[in-house]
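Below is one structure, written out as structure tokens, with a few remarks after it.
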Amino acid sequence: MKIAITGGSGFIGKNLIAQLAKVVGNEIIVFDRHFDAVLSTYDNVEQRLMDFDISYGFDFHLQQVDVLYHLVTTSTPATARSLVTEITNNVLPSTLMFEAAVRQGVKKIIFLSSGGAVYGGDTAEHHSETDILLPLSTYGEQKLMIERSLAFTTQNTDTDYAIIRLSNPYGPGQNPKGALGLVTKLVYQALTHAPITIYGDGENIRDFIYIDDAIQGILDIVANGADNQIYNLGTGQGASVNEILERVTSEVGVTAVNYVSARQTDVRVSVLDISKFKQITSLTGFVSLSDGIQKTKDFFQESGEIS
135 MKIAITGGSG
145 FIGKNLIAQL
155 AKVVGNEIIV
165 FDRHFDAVLS
175 TYDNVEQRLM
185 DFDISYGFDF
195 HLQQVDVLYH
205 LVTTSTPATA
215 RSLVTEITNN
225 VLPSTLMFEA
235 AVRQGVKKII
245 FLSSGGAVYG
255 GDTAEHHSET
265 DILLPLSTYG
275 EQKLMIERSL
285 AFTTQNTDTD
295 YAIIRLSNPY
305 GPGQNPKGAL
315 GLVTKLVYQA
325 LTHAPITIYG
335 DGENIRDFIY
345 IDDAIQGILD
355 IVANGADNQI
365 YNLGTGQGAS
375 VNEILERVTS
385 EVGVTAVNYV
395 SARQTDVRVS
405 VLDISKFKQI
415 TSLTGFVSLS
425 DGIQKTKDFF
435 QESGEIS
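Residues 135 to 441 (the numbering used here) make up the sequence shown, in order.
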């Protein structure tokens with residue numbers, strides 16, 4: 135099977151490729167802005183440089199591709215500001231890529247959306263795939279627009295799709311200095327005795343999922359899920375920022391904590407209803423937060439990233 139992955143050198147991409155590359159017969163093409171040393175160690179992975187914009191030759195690069203994973207994004211919830219910029223940099227190139235995929239006969243497109251950003255400020259205990267969508271940020275709005283673009287572009291064609299609304303993944307391989315990944319960042323900051331900044335009162339609730347579970351969930355949705363469907367992917371369990379901080383302090387160590395003003399784009403409660411996902415997954419349980427924090431701590435200490 136020939137598989138194309140945009141954003142393959144990122145946190146989720148590299149962990150996904152680690153599993154896909156094990157399958158005999160898989161040929162993987164990775165599109166990203168830079169070459170990655172880890173990905174170059176796989177015999178069945180080819181890396182191609184890509185500036186994700188409207189000038190990219192999507193038709194050429196998607197020839198004979200069977201499955202397309204669309205993981206790349208040029209922004210984060212904290213950095214996205216202008217909706218025009220989000221449309222230009224993310225929505226429009228994604229739509230052009232989807233159209234090219236249909237023309238080239240790609241059998242299935244998997245889009246990794248955001249389970250935290252698209253549902254918005256609704257304080258419902260659990261968000262289901264059928265909830266009304268009212269994003270609070272331009273990041274969430276562009277994710278929603280790409281979802282709709284994918285569904286529209288592939289209707290009445292031979293190309294199927296899966297939209298995966300992922301919660302908050304964390305764990306080994308995530309950049310602790312990046313804009314995403316609260317759990318990973320807190321573990322790293324505690325290990326390095328760096329001050330921790332918490333936005334708001336720390337009572338915002340999120341659904342955190344360990345990276346190994348997230349990757350298995352993605353693979354299960356692609357293999358077992360119904361075509362042309364949206365799936366939430368998380369643990370279905372919420373934890374506040376303060377709870378995470380308390381667990382990190384207990385498992386890793388104490389460091390200075392600074393509480394600052396909340397951000398307008400921060401959703402108060404974001405926990406996913408995973409009833410639909412449970413019907414098709416091979417997972418019988420999830421890595422607990424305590425175990426996930428310990429695994430992340432061990433990774434940093436064993437990888438030499440902590441001096």
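Glycine residues also receive a C-beta, built at the ideal position from the N, C-alpha and C atoms.
In this text the structure is predicted, and so the values were computed from the model without any measurement.
Reduced DSSP category for residue i - H, G, I as helix; E, B as strand; rest coil
i	result
R397	coil
V317	helix
N392	strand
D347	helix
L270	coil
N91	The chain is shown from 135 up to 441; residue 91 falls before or after that span and cannot be answered.
N366	strand
Y333	strand
L183	strand
G147	helix
Y176	coil
G254	strand
D170	coil
S424	helix
E275	helix
A324	helix
S486	Residue coverage of the chain in this structure runs from 135 to 441, which leaves residue 486 outside it and unanswerable.
N358	helix
V382	helix
Q435	helix
I352	helix
T291	coil
A152	helix
Buried versus exposed call for residue i [16 or more other C-beta atoms within 10 Å across all chains shown]
i	result
N224	buried
F192	buried
K412	exposed
D292	exposed
K431	buried
K156	exposed
H77	Any question about residue 77 goes unanswered here, given that the chain covers just 135 to 441.
L268	exposed
I427	buried
L183	exposed
A171	exposed
M135	exposed
E263	buried
I440	exposed
V158	exposed
S248	buried
E281	buried
Beta-carbon spacing of residue i, residue j below 8 angstroms
i	j	result
T331	V394	yes
N302	G250	yes
D187	P227	yes
I162	I146	no
V375	L316	yes
L173	G142	yes
G455	V401	Residue 455 falls outside the range modelled here, since the chain spans only 135 to 441, and no answer is possible.
N149	I408	no
D341	G368	yes
I244	A235	no
F420	D347	yes
A296	Y365	yes
T288	F232	yes
E220	E275	yes
A324	T383	yes
V405	G372	yes
Residues sharing a beta bridge with residue i, DSSP
i	result
H261	L406
E281	Answer by DSSP bridge pairing: none, since E281 is not bridged.
A138	I163 and L202
Y304	Y344
A296	I244 and Q363
I339	S374 and V403
Give the list of continuous alpha helix (DSSP H) stretches no shorter than 4 residues that lie fully inside the segment 190 to 252. 192 to 195, 217 to 220 and 226 to 237
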